[in-house]
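Going by our numbering, the sequence shown opens with residue 1, and the numbers climb by one from there. Cβ atoms here follow ideal geometry from the backbone N, Cα and C, with glycine treated the same way.
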Amino acid sequence: MTEPKDLTATADTAGTADPNDPTGPAGAAVTRKPDLVTLDEVRAAARRVTEVARRTPLLRCDGLHGGHRVFVKAENLQSTGSFKVRGAANALLSLDPRPRSVVTFSAGNHGAAVALVGRALGVTVTVCMPPGAVAAKVGAVRRYGGEIVFTDDLIGSAAALAAERGCPVLHPFDDPAVIAGQGTTALEIFEEVPHPDVILVPVGGGGLISGVAAVTAALSDGTRVIGVEPETAPTVGHALRRGTPEPLPVPPRSAADGLNAPRTGALPLAHVRQHAVELVTVGEEDIRRAWPLMAAETRLLVEPSAAVTVAALRSGRIGLPECATVVLIATGGNTSLGALGDAASSANAVP
Ligand SMILES: Cc1ncc(COP(=O)(O)O)c(C=O)c1O
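Structure (structure tokens):
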């Protein structure tokens with residue numbers, strides 16, 4: 001892989017000598033190394049989810065960054081309006097025996113995806129969501145028949161509910177089946193653009209970037225996978241720096257609500273280290289400006305979490321070769337026209 005250059009945190013600078021070292025950084029407890037997701041597992045996931053997840057278009061949008069070939073993977077057009085249905089479908093379809101109910105936790109997109117798949121399979125779904133969840137996402141979970149429990153302690157509440165009901169927690173990112181499902185996004189990208197220079201991925205808990213990195217390592221040596229995190233929610237960067245998937249010291253609070261994961265997990269952390277994923281952070285003001293700009297330039301209704309990639313491109317902190325081929329994953333579109341319009345007026349970004 002290309003050496004990371006001007007980014008804020010990378011697997012190489014995160015204080016971990018050997019990504020395969022099960023002992024982690026000096027002094028850490030000995031833990032078993034999690035198995036990394038393989039290309040074969042992602043290919044199996046692609047076959048499994050084909051009934052539920054649709055193939056999304058890869059749109060050429062050079063206007064997003066002058067002088068480069070820019071492609072946008074339009075996962076906002078995915079069923080449920082985000083890539084999350086890929087991982088949710090693969091995970092639920094892989095559970096054997098199939099449970100009668102599952103509990104999960106989510107800012108909304110993963111919850112809606114699990115609810116949709118659960119309804120199709122006759123599995124009852126309960127989603128722990130933050131009280132301030134975006135209305136479009138609350139509505140989507142309910143529309144697909146999910147029960148919602150509003151709570152500030154997403155992970156604790158989900159674990160307690162699952163224990164009470166004797167059912168599994170379907171983790172939104174720290175689960176190999178979820179990561180393999182999310183990786184199917186990258187399979188589709190490489191079918192159309194075999195060797196991009198860079199793939200830019202919004203990062204919350206790190207499930208999507210783990211799947212994308214696993215596929216990229218297998219199929220496109222030399223392609224840089226760059227994760228973009230809000231400065232106010234640097235979940236995976238924090239874990240890399242600390243050498244363990246510990247929670248952020250202050251709760252995340254980005255306008256890119258899908259990226260507000262309080263912590264990553266052992267499995268995403270292992271993928272990000274092993275595949276030398278690079279990370280860059282973007283500020284809230286930059287996200288707010290990039291959001292309407294991305295929508296106007298692509299003519300897509302995207303949510304703020306998807307726009308962090310455009311904020312990163314425009315920050316100038318990603319060193320690119322001349323006329324680079326860049327792929328951005330537009331991860332979701334669950335927002336309201338009103339909110340986007342407000343952001344457009346305040347940023348005055350729409351021509
Ligand atoms: C729209 C959107 N983009 C990106 C992410 C981040 O995905 P991950 O948690 O797999 O890093 C999420 C997570 O909910 C999301 O909803």
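Residues that C128 bridges to, as DSSP identifies them: As a first step, residue 128 is located in the sequence shown; it is residue number 128 there, counting from the start. For C128, which the question treats as bridged, DSSP gives the partners F105, V149.
When burial is assigned at 16 or more other CB atoms within 10 Å of the CB, is S106 buried or exposed? Here the question's residue 106 lines up with position 106 in the sequence shown. S106 comes out buried.
Looking at the structure shown, is S254 part of a helix, part of a strand, or coil, going by DSSP? By 1-based counting over the sequence shown, the position of residue 254 is 254. DSSP places S254 in coil when its eight states are reduced to three.
Taking G332 as the reference, which of S305, R55, T309, G316 has the closest Cα? Reading the sequence shown from its first residue, position 332 is the one you call residue 332. Among S305, R55, T309, G316, the Cα nearest to that of G332 belongs to S305.
Return the CA-CA distance between E297 and A113, expressed in angstroms with no decimal places. Working through the sequence shown from its first residue, we reach residue 297 at position 297. Working through the sequence shown from its first residue, we reach residue 113 at position 113. Answer to the nearest angstrom: the Cα atoms are 27 Å apart.
Which residues does DSSP list as the beta-bridge partners of A316? In the sequence shown, residue 316 corresponds to position 316, counting from 1. One detail in the question is off: residue 316 reads as Gly in this sequence, not Ala. Paired residues: none, contrary to the question.
Under the criterion of a Cβ to heavy atom distance below 7 Å, does A261 qualify as lining ligand 1? Walking along the sequence shown from the start, residue 261 turns up at place 261. Between ligand 1 and the CB of A261, the shortest heavy atom gap is smaller than 7 Å.
Tell me which same chain residues have a C-beta within less than 6 Å of the C-beta of M294, skipping the five on either side of it? Taking the first residue of the sequence shown as 1, we reach residue 294 at position 294. So the qualifying residues of the chain are V302, A307, V310.
Is F173 helix, strand or coil by DSSP? Translated into the one-based positions of the sequence shown, residue 173 becomes position 173. The answer is coil: DSSP assigns F173 none of H, G, I, E or B.
Should G332 be listed as close to ligand 1, given that the test is whether its C-beta is under 7 Å from any heavy atom? The residue labelled residue 332 in the question sits at position 332 within the sequence shown. G332 Cβ: within cutoff of ligand 1.
Neighbour-count burial assignment, H195, 16 or more Cβ in a 10 Å radius: As a first step, residue 195 is located in the sequence shown; it is residue number 195 there, counting from the start. It counts as exposed.
Rounded separation between R69 and R60 - CA only: For the purposes of this step, residue 69 is taken as residue 69 along the sequence shown, with counting starting at 1. For the purposes of this step, residue 60 is taken as residue 60 along the sequence shown, with counting starting at 1. The straight-line gap from Cα to Cα measures roughly 7 Å.
Counting only runs that start and end within the segment 180 to 263, where is the alpha helix (DSSP H) found for 4 or more residues in a row? 207 to 219, 235 to 242
Environment of E192 [buried if 16+ CB atoms lie within 10 Å]: Residue mapping note: residue 192 aligns to position 192 of the sequence shown, counting from 1. Exposed, since its Cβ has fewer than 16 Cβ neighbours within 10 Å.
Just to confirm before moving on: does the CB-CB distance between S368 and T80 stay below 8 Å? Only positions 1 to 351 of the chain appear in the structure, and residue 368 is not among them; the question remains open.
Coil, strand or helix - A88 by DSSP: In the sequence shown, counting from the first residue as 1, residue 88 sits at position 88. Reduced to three states, the DSSP call for A88 is helix.
Classification of S346 by the beta-carbon crowding that lies within 10 angstroms, buried from 16 upward: Residue mapping note: residue 346 aligns to position 346 of the sequence shown, counting from 1. The Cβ neighbour count for S346, taken over all protein chains shown within 10 Å, is under 16; the residue is labelled exposed.
Those residues which DSSP pairs with I329 across a bridge: Numbered from 1 along the sequence shown, position 329 holds the residue referred to as residue 329. Looking at the DSSP assignment, I329 forms a beta bridge with K73.
Same chain only: Cβ atoms within 6 Å of I179, ignoring 5 sequence neighbours per side: Stepping through the sequence shown from its first residue, residue 179 is reached at position 179. Scanning its chain for C-beta atoms nearer than 6 Å, with the 5 sequence neighbours on each side dropped, one finds around I179 the residues V37, G207, S210, G211, in chain order.
CA-CA distance, D221 and F190? As a working note, residue 221 is residue 221 in the sequence shown. As a working note, residue 190 is residue 190 in the sequence shown. CA-CA distance, D221 to F190, rounds to 12 Å.
Looking at the structure shown, is T281 part of a helix, part of a strand, or coil, going by DSSP? Position 281 of the sequence shown holds residue 281. The answer is strand: DSSP assigns T281 an E or B state.
The alpha helix (DSSP H) with R60 in it runs from where to where? Translated into the one-based positions of the sequence shown, residue 60 becomes position 60. No alpha helix (DSSP H) holds R60; the beta strand (DSSP E) holding it covers 58 to 60.
Does the pairing of the segment 87 to 103 with the segment 169 to 184 give three or more beta-carbon distances under 8 Å? Contact between the segment 87 to 103 and the segment 169 to 184 is present: 3 or more CB-CB pairs across the two stretches fall below 8 Å.
Check whether the Cβ of A306 sits closer than 7 Å to any heavy atom of ligand 1, and report yes or no. Position 306 of the sequence shown, counted from the first residue, corresponds to residue 306. Relative to ligand 1, the beta carbon of A306 is positioned inside 7 Å of a heavy atom.
Going by DSSP in three states, S305 sits in which element: helix, strand or coil? As a working mapping, residue 305 is identified with position 305 in the sequence shown. It is helical.
Is N109 a contact residue of ligand 1, with contact defined as CB to any heavy atom under 7 Å? Here residue 109 is taken as the residue at index 109 of the sequence shown, counted from 1. Answer for N109: yes, Cβ within range of ligand 1.
8 Å Cβ cutoff met for L267 and D174: By 1-based counting over the sequence shown, the position of residue 267 is 267. By 1-based counting over the sequence shown, the position of residue 174 is 174. Yes, they are a contact pair.
Top-ranked residue by Cα proximity to P262, from G205, L116, N76, K73: Locating residue 262 in the sequence shown gives position 262, counting from the first residue. Per the Cα distances, G205.
From the DSSP secondary-structure annotation, give me the bridge partner or partners of S94. Locating residue 94 in the sequence shown gives position 94, counting from the first residue. According to DSSP, S94 bridges with nothing at all.
When every heavy atom of ligand 1 is checked, does at least one fall within less than 7 Å of the C-beta of F105? Locating residue 105 in the sequence shown gives position 105, counting from the first residue. Result no, Cβ not under 7 Å from ligand 1.
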